[in-house]
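Protein chains in written order, with this note's numbering: chain V, 1 to 414; chain X, 1 to 215.
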Amino acid sequence: MLNKTIAWIDQRFPLTSFVKHELTEYPTPRNLSYWWNFGFLAGFVLVLQIATGIFLAMHYKADINLAFDSIQHIMREVNYGWLLRYLHSTGASAFFVVIYVHMARTLYYGSYRAPRELLWWTGQMLLLLLMASAFMGYLLPWGQMSYWGAQVITNLFRATPFIGDQVVIWLRGDFAVGDATLTRFFALHYLFPFLILGAVVIHLVALHTVKSSNPSGINLAAKDNIPFHPYFTAKDFFGLGVYLIVFCVFVFFLPDTFIEPANNIPANPMQTPPHIVPEWYFLPFYAILRAIPDMFGGVVAMALSILIFAVMPFIDRSNIPGGARYRPVYRIMFYAFIADVLVLGYVGAQPPTGFAVPLGQVATFIYFAMFLLLPFISKKEEQWLRARGLPPALQELFEQRSPRQKWNNGEGGK
Amino acid sequence: MKAPWKAMGLLLLSVVTIPAWATEIRLEKIRVSADLSALERGAETVVTMCLGCHGLKYMKYRDLGKLGIAQDKVDALRAGQALDAPLLSQMPADVALQSFGIVPPDLSLIAKARAGGASYVYSFLLGFHVNAQGIPDNRVFPGTKMPDILGVSSADDAQRAELQGRALDAASFLAWVADPRAEERRNMGKYVIAYLVVLTVLLYLVKRRVWARLK
Numbered sequence: 001m002l003n004k005t006i007a008w009i010d011q012r013f014p015l016t017s018f019v020k021h022e023l024t025e026y027p028t029p030r031n032l033s034y035w036w037n038f039g040f041l042a043g044f045v046l047v048l049q050i051a052t053g054i055f056l057a058m059h060y061k062a063d064i065n066l067a068f069d070s071i072q073h074i075m076r077e078v079n080y081g082w083l084l085r086y087l088h089s090t091g092a093s094a095f096f097v098v099i100y101v102h103m104a105r106t107l108y109y110g111s112y113r114a115p116r117e118l119l120w121w122t123g124q125m126l127l128l129l130l131m132a133s134a135f136m137g138y139l140l141p142w143g144q145m146s147y148w149g150a151q152v153i154t155n156l157f158r159a160t161p162f163i164g165d166q167v168v169i170w171l172r173g174d175f176a177v178g179d180a181t182l183t184r185f186f187a188l189h190y191l192f193p194f195l196i197l198g199a200v201v202i203h204l205v206a207l208h209t210v211k212s213s214n215p216s217g218i219n220l221a222a223k224d225n226i227p228f229h230p231y232f233t234a235k236d237f238f239g240l241g242v243y244l245i246v247f248c249v250f251v252f253f254l255p256d257t258f259i260e261p262a263n264n265i266p267a268n269p270m271q272t273p274p275h276i277v278p279e280w281y282f283l284p285f286y287a288i289l290r291a292i293p294d295m296f297g298g299v300v301a302m303a304l305s306i307l308i309f310a311v312m313p314f315i316d317r318s319n320i321p322g323g324a325r326y327r328p329v330y331r332i333m334f335y336a337f338i339a340d341v342l343v344l345g346y347v348g349a350q351p352p353t354g355f356a357v358p359l360g361q362v363a364t365f366i367y368f369a370m371f372l373l374l375p376f377i378s379k380k381e382e383q384w385l386r387a388r389g390l391p392p393a394l395q396e397l398f399e400q401r402s403p404r405q406k407w408n409n410g411e412g413g414k
Numbered sequence: 001m002k003a004p005w006k007a008m009g010l011l012l013l014s015v016v017t018i019p020a021w022a023t024e025i026r027l028e029k030i031r032v033s034a035d036l037s038a039l040e041r042g043a044e045t046v047v048t049m050c051l052g053c054h055g056l057k058y059m060k061y062r063d064l065g066k067l068g069i070a071q072d073k074v075d076a077l078r079a080g081q082a083l084d085a086p087l088l089s090q091m092p093a094d095v096a097l098q099s100f101g102i103v104p105p106d107l108s109l110i111a112k113a114r115a116g117g118a119s120y121v122y123s124f125l126l127g128f129h130v131n132a133q134g135i136p137d138n139r140v141f142p143g144t145k146m147p148d149i150l151g152v153s154s155a156d157d158a159q160r161a162e163l164q165g166r167a168l169d170a171a172s173f174l175a176w177v178a179d180p181r182a183e184e185r186r187n188m189g190k191y192v193i194a195y196l197v198v199l200t201v202l203l204y205l206v207k208r209r210v211w212a213r214l215k
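See the structure below:
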């Protein structure tokens, strides 16, 4: 019966061949470490956010007079409303943790290099969509931080040349953040996850065209590829279990970790909180924004700090395979960059006074200096490593030539 | 037209403007009490003393029964109010505005809405003193409009010890009001984590077995 049904479908829709091609025969490098788990985890978090979000939307009221109360209604009266809300609010932070690890892995192993530029760029588009969704979602509880955060961030668009004022009013739907802003943010916060879902499909199509990168940094021979299912489904599900344990510790025991105390006070346009801080995942970029004394410059620097990742495939000129693993200088740069981002995150959470100001400026300078120096450093590093003589294992990999050249000769990908 | 935009430009830099509340001294860290009799005493303190000016608008009298307070005690606290009536402030907002210059904040979420949570509430209640100029003030929130409701500034050492107990009970009750599902959540959390640990161990074993097929 089942076989008949599948045969019936297969005549009309490529079900079996699709599953074969994308899952049971999809070749995956067998040497992927657990760092390659995070893409799958991001997909899981997205689904959980959408699922909890839909149920929250059934009880939430997008009206400045009702929004805050409706959250308390969810927390106190809706059956397991507290669970839905804490899964969703913790899930937002978890999403960024997972995505940042996913990005850090890409940077460490040089997975952005040819032929995976488009894969990297679609990932970047996903990050931007995620940031927009998170920002709009944060307004919905209509607490003090929601309100003032939205006020400050929408105000940044004033830096748009010539039409800044109009752009801000257009975004808010009013002269200040108000009911019009709340309703449109709610509508868009409901829309964006589905845009993300679409972008994920594009990301996966790109992935399945160029296939996963792997710690060795070259395209492995066919015998070193194994089917995604059951090997990586089994591995990913184990990783999911570990992730869920950590996630649920926060949901059930520390759910207020990621909720600012001030967001438990209803939004009050007449009273500015003493210290406006964005959510932790925006702090490094917020620190870069504030490091530039000029507003326009600050906004440009902040936008650039995210967009600049797009040039990684071009500015990393090294042909040494395997990312930071075989590249001592790049490895130092990688860890220095992570440390620098953490410093920026710390600075972003501080009031802009005293020591935090020069610290933020130095860290911002280092942030961009890394990108500017990488073309020279990566080239020099390759020359230095080759002059010094590559270790035999690496020499062997290197003789299989750079992935970029292989790809350009039409040999790559399989 | 331009001035408000400039003001927001300043905001952009997140400058410290008018502090809505200040925490100039360190808060005394407390562990909230989960003991029913403490919560009952806290409820009584809050209902009889705080509700004069503040509300607990997300609470109904019926909810006190859910906490475990006996029906006759709830009846005494509600003093003729309906069981499903919210615990609103006895002082109308306009009267409060006239006498204090502000509307006293609703206390439903106060134990979450201040950095330090219940410790803030506790330290604030005990923070009243008469300052060097002979003016009553609060160490945790200098310039507060709220009077020294417990009489901390005039208490001697023996009375102070008793007031600490009352403040702890009140803070514990307000912590429950801010998060009445906390106990349910933690209980469920234990089972969820236990389940996930077992599941994850099994998933690990599955992974090992599947990968063992590879040479």
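Ideal Cβ placement from N, Cα and C applies to all residues, glycine included.
Q) Are the beta-carbon atoms belonging to X:Ala175 and X:Val32 less than 8 Å from one another? A) yes
(Q) Taking beta-carbon pairs under 7 Å, can you tell me which members of the stretch 223-241 of chain V lie near chain X? (A) Ile226, Pro230, Tyr231, Ala234, Lys235, Phe237, Phe238, Gly241
Q: Select from the stretch 166-197 of chain X all residues with a C-beta closer than 7 Å to any C-beta belonging to chain V, and list them in chain order.
A: Pro180, Arg181, Arg185, Arg186, Met188, Gly189, Val192, Ile193, Leu196, Val197
Q. Is V:Asp236 buried or exposed, if buried means 16 or more other CB atoms sit within 10 Å of its CB?
A. buried
Q. When DSSP labels each residue in this structure, what does X:Lys57 get in the three-state scheme?
A. strand
Q: With DSSP as the reference, please indicate the residues paired to X:Phe128 in a beta bridge.
A: X:Asn138
(Q) Any contact between the stretch 197-208 of chain V and the stretch 83-99 of chain V? By contact I mean 3 or more CB pairs, one from each, below 8 Å. (A) no
Q) For V:Gly164, which residues does DSSP report across the bridge? A) Per DSSP, none; premise fails for V:Gly164.
Q: Kindly indicate which three-state DSSP category V:Arg12 falls into: helix, strand or coil?
A: helix
(Q) Which residue marks the beginning of the beta strand (DSSP E) containing V:Pro215, and which one marks its end? (A) Counting along the chain, V:Pro215 falls outside any beta strand (DSSP E), and DSSP gives it neither H nor E.
Q) Thinking C-beta only, is V:Ala287 closer than 8 Å to V:Val347? A) yes
Q: Could you tell me the distance, in whole angstroms, from the CA atom of X:Val201 to the CA atom of V:Val277?
A: 40 Å
Q.
In this structure, how does DSSP classify V:Pro227 when only helix, strand and coil are distinguished?
A. strand
Q | X:Gly68 at chain B interface by Cβ criterion, 8 Å | A | Within the model displayed, chain B is absent; protein chains V and X are what it includes.
Q. Who are the Cβ neighbours of V:Leu118 in its own chain at under 6 Å, not counting the five residues just before and after it?
A. Ala206
Q. Does any CB atom of chain X fall closer than 8 Å to the CB of V:Ile74?
A. no
Q) Rounded C-beta distance between X:Ser108 and X:Met59? I'm assuming under 8 Å. A) 6 Å
Q) Are X:Gly189 and V:Phe253 close, meaning C-beta to C-beta below 8 Å? A) yes
Q: Decide if V:Arg381 is buried, meaning its Cβ has at least 16 other Cβ atoms within 10 Å, or exposed.
A: It is Glu, not Arg, that sits at residue 381 of chain V in the sequence shown. Its Cβ being crowded by 16 or more others within 10 Å, V:Glu381 is buried.
Q: Scan the stretch 196-210 of chain X for residues whose Cβ lies nearer than 7 Å to a Cβ of chain V and list them as they occur along the chain.
A: Leu196, Val197, Leu199, Thr200, Leu203, Tyr204, Val206, Lys207, Val210
Q: Check the DSSP bridge columns for V:Gly143 and list the partner residues they point to.
A: V:Pro266
Q) With a CB to CB cut of under 8 Å and the five nearest residues on each side skipped, what residues in its chain are close to V:Tyr147? A) Leu139, Val177, Ala267, Asn268, Pro269
Q) Does the count of Cβ pairs from the stretch 43-53 of chain X and the stretch 137-144 of chain X closer than 8 Å reach three? A) no
Q. What residue does the alpha helix (DSSP H) around V:Thr28 start on, and which one ends it?
A. Note, V:Thr28: premise wrong, no alpha helix (DSSP H); beta strand (DSSP E) at 27-29.
Q) For chain V, is any of its Cβ atoms less than 8 Å away from the one on X:Tyr122? A) no
Q) Name the chain X residues whose beta carbon is nearer than 7 Å to that of V:Trp82? A) Arg181, Arg185
Q | Own chain partners of X:Trp21 with C-beta closer than 8 Å, once the 5 adjacent residues on each side are dropped | A | With a pLDDT of 42 at X:Trp21, under the threshold of 50, the modelled position of that residue is not reliable, and the figure given next carries that caveat. Closer than 8 Å at Cβ, skipping near neighbours: Arg114, Phe141.
(Q) Measuring straight from C-alpha to C-alpha, what distance separates V:Trp280 and V:Thr16? (A) 44 Å
Q: Give me the Cα-Cα distance between X:Ala96 and X:Val152, rounded to the nearest whole angstrom.
A: 23 Å
**Q.** Where V:Pro261 falls: helix, strand or coil (DSSP)
**A.** helix
Q) Taking just the CA atoms, how far does X:Ala171 sit from X:Gln164? A) 10 Å
Q.
Please classify X:Gly68 as buried or exposed, where buried requires at least 16 other C-beta atoms within 10 Å of its C-beta.
A. exposed
Q. Taking all protein chains shown into account, do 16 or more other C-beta atoms lie within 10 angstroms of the C-beta of V:Arg113, making it buried, or fewer, making it exposed?
A. buried
Q: Could you tell me the boundaries of the alpha helix (DSSP H) in which V:Leu41 lies?
A: 38-57
Q. Using a beta-carbon distance below 8 Å, is X:Lys112 in contact with chain V?
A. yes
Q.
Here's the rule I'm using: 16 or more other beta-carbon atoms within 10 Å means buried, otherwise exposed. How should V:Val47 be labelled?
A. exposed
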